[in-house]
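Residue 262 in this note's numbering sits at position 183 of the sequence shown, and the numbers go up by one each step.
Notes to accompany the following structure.
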Amino acid sequence: MCGIISALSFDDGVSESLLSALERLEYRGYDSAGIAYIDGNSRLHRIRTVGRIKTLREAVERQSVKANVGIGHTRWATHGKVTELNAHPHSADGVAIVHNGIIENYQELRKRLVAAGYSFESETDSEVIAKLIAFNMKSGASFESAFKQAISKFVGTFAIAAIYEAEPDVLIGAKRGSPMAVGLSKDGRSCFIASDAVALSSLADEIAYLEEEDIVVARKGDTLRYEICNASGETVVREVVPNKVSLDDVTKNGYETFMLKEIFEEPRVARNTYDKFDYDVDLSKFPGVSIIACGTSYYAGLLAKYWLEDIAGIHVDVEIASEFRYRNPVLFKNSLYVFISQSGETIDTLCAMRLVKAAGIKTLALVNVDASSIAREADYVIKTVAGVEVGVASTKAFVAQTLSMLLLAKRKADFDIDVVESAMNSVLNKSHEFAKTAEKLKSGRSLFYVGRGTSYPISLEGALKIKELSYVSAEGYPSGEIKHGPIAIVDDCVHTVAIAPFDKHFEKTVSNTQEILARNGKVILLTTDAARGSLHGFDANENVDCIFLPDCDALYQPFPLMTAIHLLAYHTAKAKGYDVDKPRNLAKSVTVE
Ligand code: M6R
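Here it is as structure tokens:
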């Protein structure tokens, strides 16, 4: 949530580096944005706009900015509405800062700063950072020590970058709880501090990730250097690693949207996951498995429960991280605790993992971002190989997470990835059919997604995806559960997507949808070719639409279904004219509780 970038350079074109990085960071938040820079006369300027980076770019380009140092921010509002005054950077007496995270004690600090004569223009927690640094400098502290003193007073989480107009050759950053990376350009003429490797792609080929409580100070003299010190103030060297994010990863490559590109990558992601999977976790050593995650990653865990119990015969609990961590859970020392997260930064999942570690239990994480906090703190890591996922709605990462979990349950040698890949490709070839159905769905007041067995977690994922992108109320249910209450809302404005491949649950799910049709509800039956002979006129009902997918073994069937529900959500949002890559109110990486 919120993306930050900062740059110090021998060249005066940092505003373009800031804007291009903000464009790549937009997935972290996109309600408002801003930059601050210091001009050739050592004067600090800020440009802030409400809306997307495109609007900020236009504002910056109107002013032909020339600067060797600057900071930038794209916001996902936590404290304070979406307004220009609440947009970052915040400033005080020539200091400007950008912040990702939450300063929990900001009210108390704000009171003290107001008493000291400062006035605040925003409702944010972040503004106290700039004011406190400025306040500390009033008593004679240098920019660097004023920054360090300020940091020591904050309760909460932060990644902060700061500049000061009287010291335009200095750029400072600090990290606690929110990710931060630093890198030099290939020619050594520029240094960048940012939220992640995606922001730094095309700016820095090699980067170092800051550790908790690290402070980085970049200085420009004869050369450009940065120095990192740890919580005890000792100078430390953090490993410099290649920045693996290529420009290709963060461009649409001819697709209209990132989400469509990422859905079309799903078969390849399944293949890569299979090819690269080489983890040998002996599940028989554990009496049980607990899977903890949020959102789509939680649904990946629910799907894994079916497989782990059915194939490996091991008891599995699946928990939502934000509940698990606050309910004083009873932990089983010998169980395997698995944490699933695409971003590796979801704070609830991270804190749940810390809770388990603190009890002396080993943790296994499934993460898609290499150097993320969860990847770095887990005892064991399974790297999902979905590649960079830019669309805010998770799609291909779900494929990588679920297939990785299935490969934990089932030996690779007994698995036929060709079947999976080809079934998913066949679904992609039917994209136009989903577009046609979406035209009907778009008018629905609300939606149910129903399924039995492994189709139930797929239903939950389908409902979440359409809700996120189309802003329509949608609930996933086991199909047998609808009659226990939810059916009360069924009328001719309610659509039900029934996920019913021709498996052992088919008849029952179709029978449940009859109950919906009897109440004038509309049904979209997502089934497989083999069901054609068993519909007994069901498909002749004017309130029924059928989409037929390829048949495959029940074990593999969830994969083409995933692609199908992702396409349906995509086309419905497009039919409604919404921005599928950046749905309203959301952010990709949820680093607040
Ligand atoms: O990065 P994570 O996998 O930990 O994220 C968890 C959820 O925030 C995420 O899956 C969210 O539900 C997505 N918007 C789903 O599309």
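C-beta atoms are modelled at their ideal positions from N, C-alpha and C, and glycine is treated no differently.
Cβ-based neighbour list, residue i, same chain, cut-off 7 Å, excluding 5 preceding and 5 following
i: Lys340; result: Lys331, Asn332 and Tyr334
i: Lys544; result: Ala472, Ile644, His645 and Ala648
i: Phe403; result: Ile371 and Ala431
i: Gln421; result: Ser376, Asn447, Glu468, Ser473 and Ala476
i: Val329; result: Arg103, Val277, Ser280, Val467 and Val469
Cβ pair residue i, residue j closer than 8 Å
i: Phe617; j: Val659; result: no
i: Tyr635; j: Ile578; result: no
i: Asn504; j: Pro637; result: no
i: Glu105; j: Arg127; result: no
i: Ile176; j: Ile132; result: no
i: Arg103; j: Ser280; result: yes
i: Ile603; j: Val569; result: no
i: Leu282; j: Ala115; result: no
i: Ile626; j: Glu518; result: no
i: Arg233; j: Gly256; result: Just to set this straight, residue 233 is Phe in the shown sequence, not Arg. No, the pair does not count as a contact, with Cβ atoms beyond the cut-off.
i: Asp110; j: Ala138; result: no
i: Ile117; j: Ile242; result: yes
i: Leu487; j: Thr642; result: no
i: Asn309; j: Asp284; result: no
i: Leu539; j: Leu381; result: yes
i: Phe411; j: Ala457; result: no
Residue i classed as buried or exposed, judged by whether at least 16 other C-beta atoms fall within 10 angstroms
i: Ile405; result: The sequence as given places Tyr at residue 405; Ile does not occur at that position. Answer is exposed; the Cβ neighbour count stays below 16.
i: Leu87; result: buried
i: Pro321; result: exposed
i: Asn120; result: exposed
i: Ala567; result: exposed
i: Val368; result: buried
i: His563; result: exposed
i: Lys227; result: buried
i: Asn591; result: buried
i: Ala597; result: exposed
i: Ser451; result: buried
i: Val316; result: exposed
i: Pro366; result: exposed
i: Gln480; result: buried
i: Gly219; result: exposed
i: Ala652; result: buried
i: Asn215; result: buried
i: Glu200; result: exposed
Same chain, Cβ closer than 6 Å to residue i, neighbours up to 5 away in sequence not counted
i: Gly656; result: none
i: Ala542; result: Tyr528, Ala553, Glu554 and Gly555
i: Ser205; result: His169 and His178
i: Asp571; result: Asn599
i: Ala297; result: Leu87, Leu250, Cys270 and Tyr305
i: Thr425; result: Cys373 and Val669
i: Pro629; result: Ala502 and Ser505
i: Asp608; result: Phe627 and Asp630
i: Leu665; result: Val471
i: Ala465; result: Val348, Asn447, Lys475, Ala476 and Ala479
Between the CA atoms of residue j and residue i - distance to the nearest angstrom
i: Gly470; j: Arg350; result: 21 Å
i: Ile461; j: His574; result: 38 Å
i: Ser221; j: Glu244; result: 12 Å
i: His645; j: His394; result: 29 Å
i: Asp354; j: Ile537; result: 24 Å
i: Met338; j: Arg663; result: 15 Å
i: Leu289; j: Val409; result: 33 Å
i: Gly559; j: Leu526; result: 16 Å
i: Pro258; j: Asp275; result: 7 Å
i: Ala654; j: Leu614; result: 29 Å
i: Leu303; j: Arg154; result: 29 Å
i: Arg531; j: Ile181; result: 41 Å
i: Leu263; j: Gly108; result: 25 Å
i: His152; j: Gly130; result: 12 Å
i: Leu211; j: Gly159; result: 19 Å
i: Ser534; j: Arg490; result: 22 Å
i: Met80; j: Asp248; result: 29 Å
Residues of its chain near residue i, where Cβ-Cβ distance is below 8 Å and the 5 sequence neighbours each way are ignored
i: Ala454; result: Gly423, Ala444, Val446, Val448, Val460 and Lys462
i: Val498; result: Cys631, Asp632 and Tyr635
i: Arg611; result: Phe627
* **Minimum length 4: unbroken alpha helix (DSSP H) runs contained in the region 467-492** => The qualifying runs are 475-488.
* In the region 169-208, which residue ranges form an unbroken alpha helix (DSSP H) of at least 4 residues, counting only runs that do not cross its ends? -> When DSSP assignments are scanned along the region 169-208, the uninterrupted stretches of alpha helix (DSSP H) that are 4 or more residues long and fall wholly within it turn out to be 185-194.
* Asked: Along the chain, which unbroken stretches of the beta strand (DSSP E) at least 3 residues long are found entirely within the region 370-432?
  -> Within the region 370-432, the complete beta strand (DSSP E) runs of at least 3 residues are 394-399 and 415-420.
* To do: Return the chain-ordered ranges of every beta strand (DSSP E) run that is complete within the region 265-294 and spans a minimum of 3 residues.
  => Here the runs fully enclosed are 269-273 and 285-288.
* If you scan the region 287-362 from start to end, which runs of the beta strand (DSSP E) of 3 or more residues do you find wholly inside it? -> The DSSP assignment places complete beta strand (DSSP E) segments of no fewer than 3 residues inside the region 287-362 at 294-299, 303-308 and 319-321, in order along the chain.
* Which residues are close to ligand 2, meaning CB closer than 5 Å to any heavy atom, in chain order? -> Among the ligands present in this structure, namely ligand 1, ligand 2 is not found.
* Fully enclosed by the region 215-268, which beta strand (DSSP E) runs are 3 residues long or longer? -> For the region 215-268, whole beta strand (DSSP E) runs of length 3 or above, ordered along the chain, are 235-243, 249-255 and 260-263.
* To do: Could you pull out every unbroken alpha helix (DSSP H) segment of at least 4 residues lying fully inside the region 608-670, listed in chain order?
  => You should have 637-654.
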